[in-house]
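Below: one structure, written as structure tokens.
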Amino acid sequence: MSLSTIKQLIQNIASSKSGLDTLALRFGAGAIFFAHGAQKLFAWFGGYGLEGTGGWMESIGITPGVLMATMAGSAEFFGGIFLMLGLLVRPTSIVLAITMLVAIFSVHINNGLFMSNNGYEFALALLIISISLVFRGAGSLSLDKLVTKKLGA
Numbered sequence: 001m002s003l004s005t006i007k008q009l010i011q012n013i014a015s016s017k018s019g020l021d022t023l024a025l026r027f028g029a030g031a032i033f034f035a036h037g038a039q040k041l042f043a044w045f046g047g048y049g050l051e052g053t054g055g056w057m058e059s060i061g062i063t064p065g066v067l068m069a070t071m072a073g074s075a076e077f078f079g080g081i082f083l084m085l086g087l088l089v090r091p092t093s094i095v096l097a098i099t100m101l102v103a104i105f106s107v108h109i110n111n112g113l114f115m116s117n118n119g120y121e122f123a124l125a126l127l128i129i130s131i132s133l134v135f136r137g138a139g140s141l142s143l144d145k146l147v148t149k150k151l152g153a
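Going left to right, the sequence shown walks through residues 1 to 153 as this note's numbering numbers them.
What follows is the structure, encoded as structure tokens:
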């Protein structure tokens with residue numbers, strides 16, 4: 001693979017439309033994803049950590065529980081950091097959208113829409129934000145924009 005091909009690949013992945021419109025979405029959703037991932041991975045913010053989350057996942061049929069908790073927690077924790085930094089926002093948002101689809105259909109769908117019944121309302125909102133960021137990109141104040149500018153995009 002040539003250097004120009006690698007450069008073009010990076011530009012395609014990190015491309016972003018100019019504007020500040022995604023900044024609030026990135027920071028808000030990023031902070032939420034970060035906190036939820038930290039609960040799963042490290043038992044921060046009142047979470048149960050890998051063992052507790054993994055045990056719960058096993059109890060609802062998501063196996064192997066600890067591996068699945070590690071994957072979901074890592075996607076949320078690191079994805080949240082990446083969103084807040086505006087780094088690799090498009091691919092990160094795809095991973096987070098998939099994570100929310102799994103949460104909706106494996107945990108929340110049978111409880112209806114509303115959060116008061118442990119429904120999928122909140123996960124749906126995060127899914128919609130993630131999908132929007134896939135299409136829009138990180139925006140002007142982001143590491144993605146800085147990288148593409150350095151590469152001459």
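We treat Cβ as the ideally placed atom computed from N, Cα and C, and that holds for glycine.
- Taking the Cα of F45 as reference, the smallest distance to any Cα among I129, L141, F77, S116 is reached at F77.
- Scanning the segment 93-150 for uninterrupted alpha helix (DSSP H) segments of 4 residues or longer gives 121-136, 143-150, listed from N- to C-terminal end.
- In the assembly as shown, L127 is a buried residue. Its beta-carbon has 16 or more other beta-carbons within 10 Å.
- L88: not part of any alpha helix (DSSP H); DSSP gives it neither H nor E.
- Around the beta carbon of L88, 16 or more other beta carbons lie within 10 angstroms, which makes this residue buried.
- DSSP, read as helix, strand or coil, puts K17 in coil.
- Counting C-beta atoms within 10 angstroms of its own C-beta, I60 has fewer than 16 neighbours from the protein chains shown and is therefore classed as exposed.
- One alpha carbon belongs to M84, the other to L20, and they sit about 13 Å apart.
- Distance between F82 and L96, taken at the CA atoms: about 11 Å.
- Excluding residues up to 5 positions away in sequence, R90, G137, D144, T148, A153 lie with their Cβ nearer than 8 Å to the Cβ of S15 in the same chain.
- A check of alpha carbon separations from V66 across S74, G79, E51 identifies E51 as the nearest.
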